[in-house]
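**Student:** Residue numbers (the UniProt record's numbering), protein chains in the order written: chain A, 1 to 175; chain B, 1 to 318; chain C, 1 to 170.
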Amino acid sequence: MSDLPFILFSLVAACAALMVVTRAVPVHALLYLVVLLLSLAGVFQALGAPFAAMLEIIIYAGAVMVLFVFVVMMLNLGRTDRDRERHWMAPGIWIGPAILSCLLLAALCITLRAMPPTAAPDTLVSIGPQAVGIMLYGPYVLSVELASFLLLAGLVSAFHIGRNIRGTGAATGEA
Amino acid sequence: MTAPMPVIIGVTLAVLLGLATFLTWFERRLLGLWQDRYGPNRVGPGGILQAVADGIKILFKQDWIPPFADRGVFVLAPAIGMMTVLLSFGVVPVTAFWSIAGNLNVGLLFVLAMMGMGVYGVVLAGWASNSKYALLGGMRAAAQMISYEVFMGLSVLGVVMQTGSFTMRDIVLAQSGLWFIVPQVLGCVVFTLAGVAETHRLPFDLPEGENELGAGFHTEYSGMKFGMFFLAEYAGVVLISALLVTLYLGGWQGPLLPPALWFGLKTGALVCLFILLRAALPRPRYDQLMALGWKILLPLSLLNIAATGAILLLHAPG
Amino acid sequence: MFGILRTLWLTFLHMGHRRVTVGYPEHKPPLPPRYRGRIILSRDPDGMERCVACNLCAVACPVDCISLQKAEQDGRWYPDYFRINFSRCIFCGMCEEACPTYAIQLIPDFEMSEYLRPNLVYEKEDLLISGTGKYPDYSFFRVAGVKIPGKDKGEAEREAPPVDIHTLLP
Ligand code: SF4
Ligand code: SF4
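#1: From residue 138(C) to residue 122(C), what does the alpha carbon distance come to, in whole angstroms?
#2: Give the interface partners of residue 34(B) over in chain C, defined as CB-CB distance under 8 Å, in chain order.
#3: Under the three-state reduction of DSSP, which class applies to residue 71(C): helix, strand or coil?
#4: Per DSSP, what kind of secondary structure is residue 91(A) in: helix, strand or coil?
#5: Closer than 9 Å, Cβ to Cβ, to anything on chain B: give me those residues from the stretch 47–67 of chain A, in chain order.
#6: Determine whether the Cβ of residue 70(A) lies closer than 7 Å to any Cβ atom of chain B.
#7: Which one of 33(B), 126(B), 256(B) has the shortest CA to CA distance from residue 69(B)?
#8: Please go through the same chain and pick out, in chain order, the residues whose beta-carbon is closer than 7 Å to the beta-carbon of residue 9(A), but skip the five residues on each side of it.
#9: Give me the residue from 20(C), 69(C), 1(C), 151(C) with the minimum Cα distance to residue 142(C).
#10: Distance, Cα to Cα, residue 12(B) vs residue 272(B)?
#11: Taking residue 80(C) as part of the beta strand (DSSP E), name the residues at either end of that continuous run.
#12: Please indicate yes or no: does the CB of residue 132(C) lie closer than 6 Å to some heavy atom of ligand 2?
#13: Please confirm if residue 38(B) has its CB atom under 7 Å from at least one CB of chain C.
#14: When you compare only the Cα positions, how much space is there between residue 147(A) and residue 123(B)?
#15: Take residue 175(A) and list the residues in its own chain whose beta-carbon comes closer than 7 Å to its own, dropping the five residues that flank it on each side.
#16: Check whether the stretch 112–122 of chain C touches the stretch 73–86 of chain C, counting contact only when three or more Cβ pairs, one atom from each stretch, lie closer than 8 Å.
#17: Compute every distance between the C-beta of residue 19(B) and the non-hydrogen atoms of ligand 2, then say whether any falls below 6 Å.
#18: Using three-state DSSP, classify residue 22(C) as helix, strand or coil.
#19: Taking only heavy atoms of ligand 2 into account, decide whether any of them is closer than 6 Å to the Cβ of residue 52(C).
#20: If we ignore side chains and look at the alpha-carbon of each, how far apart do residue 233(B) and residue 11(C) end up?
#21: For the stretch 64–89 of chain A, list the alpha helix (DSSP H) runs that are entirely contained and at least 4 residues long, ordered along the chain.
#22: Once you ignore the five residues that flank residue 249(B) on each side, which residues in its own chain have a CB closer than 7 Å to its CB?
#23: Looking at residue 154(B): is its Cβ nearer than 7 Å to the Cβ of residue 54(A)?
#24: Suppose the cutoff is 8 Å on Cβ atoms and the five residues either side in sequence are ignored; what does the same chain contact list for residue 223(B) look like?
#25: Rounded to whole angstroms, what is the Cα-Cα separation between residue 19(A) and residue 11(A)?
#26: Roughly how far, in whole angstroms, is the beta-carbon of residue 160(B) from the beta-carbon of residue 23(B), given that I think they are within contact range, below 8 Å?
#27: Compute the Euclidean distance between the alpha carbons of residue 96(B) and residue 220(B), then round it to the nearest angstrom.
#28: For residue 106(B), I'd like the list of residues in its chain whose CB is within less than 7 Å of its CB, leaving aside the five on either flank, ordered along the chain.
#29: Which of the three DSSP states is assigned to residue 172(A) in this structure?
#30: In whole angstroms, what is the alpha-carbon distance linking residue 173(A) and residue 204(B)?
#31: Could you tell me whether the stretch 22–33 of chain A touches the stretch 82–92 of chain B, using the rule of 3 or more Cβ pairs below 8 Å?
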């Protein structure tokens, strides 16, 4: 029953995802999103990729979601927003996308069924950080470089936006 | 020699919680010593039972949840803060045979991940309290802890590069010749500073900032929920000290004395250093804190990584 | 950077310094004689009450915690009752400054806690001591020109006899 952790984590993930979309208070939704990400990390771990699991927690759950929470805290949402959010939960709004998504799921299941079953590896091999690194800087070095270009561009533009334009008060850094 | 896992977990947990409680007293005594006064010295021999008295007091205090707070999150937040710290201890190898998961191949990353999650304890406490001071404290905590997490992660990379592994036990074993504090002195300094900021201890305790924010993120907390934040802070101090020992000070290794004792001694000395920092240094302004992080620590840690990489490449066999 | 390290080191060195605080109930801190603590009413060298119930202290008190009532006997004024509410007193010493007869004095004693607040209201019996306090030789009625039994007008120290208005001779 080595599939048990995987199934448990997936179940938690699915439930958390459902909660994310149905919460009216944004911070609660974000919390469920964090739980979702954590359970995804669990899924990664169960699939034998601890490195990816840890990165998932550090970057997504630990950093990105905190920033989300941070922004929501700054927005200072009150009761009115909560009520409006409830209003958006009306069945008329979500029923269409939900049906379409179900159709998509069905199609996915059917196509997956139709595919010839690949031979599953007998034992789960855990891919450690070293292996991941060797892969990244071996066959996938091009994508690493592309990603770093993208990040550099992001960094430069962040600097540009946040720079202190003297006299215009566009951004206030420390003197 | 290896004890069964439940015993290890139980003992570690008990020692840790006991230590955190003990530290609440020890810190006050030590601060007193450094500030030419006595500190709590009444309850029990030398005042050591003060920790117990405080514990009893805090347990019997009214545990009040403000009516304007978000109940669920309000209760959850201190638990998150405590849990993440305790979980991190799982991967710290006390000795070669005494650790819960010292062999985890992503051990160091796990610690970083838990620190990342620890931010939620503070931020959510600030948000759920639904009061200005707590919110401000929570926001400061979010910005501060995310930034310093970056430097913390970057600073330990030097160690990881030298060891070639994220496993805590391998890191310790790699230091059998030379402690990493010698080649990685930059990384060690950055890690220490980031550690202080992560546990929001005194020089960097802007999320609490008593003189401007009341008590910061835990302004609205009382009773044992506040106690949890309190204990989590001290457990965090122990954690950072233990990590410093593991990463830079050769872990349990040392001559003559048994390994566990060495680990305890080193950790204890570092805890004292943390308290000394608190006794001696004033709190910086918030922008100074951020400037220190992004303008000094970030370049330093990047420099450390680059230099380590270059030297490793030069010395690489073949 | 160096400054920070120096601070750390200097603070560390404080480990060997003498403590400036004392463990209170066992070791009493030495109090200077002019320490402003519990208030007393003193007597003059003859053993009579010094207070002349002039009310100056009550007026001077910034928190209005003194209350007294004048009585008279043989030309001497004295307080019928004299009450200080120590739960209000801030030990500022204004009353002592205002007193013309050195009757009210603050002494170096501060251990006056009570479990019940009314117990902090001190009556004249609690305040009056049998000594002269800080001014052993001073006696108001010896220098003042009032007539009391045993001392007629003009018999006070450095006081000229009163002018006899019934004679026109110079
Ligand atoms: S010491 Fe000050 S407050 Fe106290 S009775 Fe005298 S004047 Fe009033
Ligand atoms: S204590 Fe002094 S100031 Fe107060 S009523 Fe008596 S004589 Fe006057």
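Cβ atoms here follow ideal geometry from the backbone N, Cα and C, with glycine treated the same way.
**Tutor:** By the coordinates alone:
#1: 25 Å
#2: 11, 12, 14, 15
#3: strand
#4: helix
#5: 50, 51, 53, 54, 55, 56, 57, 58, 59, 61, 62, 63, 65, 66, 67
#6: yes
#7: 126(B)
#8: 39, 42, 43, 46
#9: 151(C)
#10: 21 Å
#11: 76–85
#12: no
#13: yes
#14: 30 Å
#15: Bear in mind that the predicted position of residue 175(A) carries a pLDDT of just 39, short of 50, making it unreliable; the figure below should be weighed with that in mind. Contacts found: none.
#16: yes
#17: no
#18: coil
#19: yes
#20: 23 Å
#21: 65–75, 79–88
#22: 179, 181, 266
#23: no
#24: 58, 59, 61, 62, 63, 64
#25: 12 Å
#26: No, residue 160(B) and residue 23(B) are not in contact; Cβ-Cβ is about 29 Å, not under 8 Å.
#27: 43 Å
#28: 166
#29: For residue 172(A), the pLDDT reaches just 49, beneath the cut-off of 50, and the residue's location in the model is therefore unreliable, although a value from the coordinates is still provided. Coil, per DSSP.
#30: Reliability of the predicted coordinates at residue 173(A) is poor, the pLDDT of 45 falling under 50, and the value obtained from them is presented with this limitation in mind. Going from the Cα of residue 173(A) to the Cα of residue 204(B) covers about 20 Å.
#31: no
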